[in-house]
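Since the structure comes first, as structure tokens, the remarks are kept for the end.
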Amino acid sequence: MLRGSPQKLNLVAQQIRGMKVEKALAALTFSHKKAAIDVKKVLESAIANAENNHNLDVDSLIVAEASVGKALTMKRFRARARGRTGKILKPFSRLRIVVREVEEN
1 MLRGSPQKLN
11 LVAQQIRGMK
21 VEKALAALTF
31 SHKKAAIDVK
41 KVLESAIANA
51 ENNHNLDVDS
61 LIVAEASVGK
71 ALTMKRFRAR
81 ARGRTGKILK
91 PFSRLRIVVR
101 EVEEN
């Protein structure tokens, strides 16, 4: 679960779908979006899991899936004039990254 709206997180996840892992990491490193930092951490975790748990070759991995889902939303309020309130929504997102090994020809 990541703090940030699914819409903004999906913009970053869209950039890396179908890319080779090295290119995806480079794209996330130099991205100006705040969500790119969290997506990079999740991608690095997926790469480490593929290498250690499934004995896959890191050099032949691609990002097969990068899906973003909506999670909970914290609701807060701010006091406004004349006894009214202003609604503040703090959304959370779920991020799922799947990497697969591809045979190089």
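If you read the sequence shown in the UniProt record's numbering, its first letter stands for residue 1, the second for the next number, and so on. By construction, the Cβ of each residue, glycine as well, lies at the ideal position given by its N, Cα and C atoms. Bear in mind the structure is a predicted one, so any value in this text is a computation, not a measurement.
Check, Outcome
"Helix, strand or coil: how does DSSP classify SER45 here?", "helix"
"Beta-carbon separation of LEU95 and LEU11 under 8 Å?", "no"
"Which residues share a DSSP beta bridge with ARG94?", "GLY69"
"Counting Cβ pairs closer than 8 Å, one from the segment 59-67 and one from the segment 79-88, do we hit at least three?", "no"
"Pick helix, strand or coil for LEU9, following the three-state DSSP scheme.", "helix"
"Would you give the residue range spanned by the alpha helix (DSSP H) that ALA24 belongs to?", "21-29"
"According to DSSP, simplified to helix, strand and coil, what is VAL102?", "coil"
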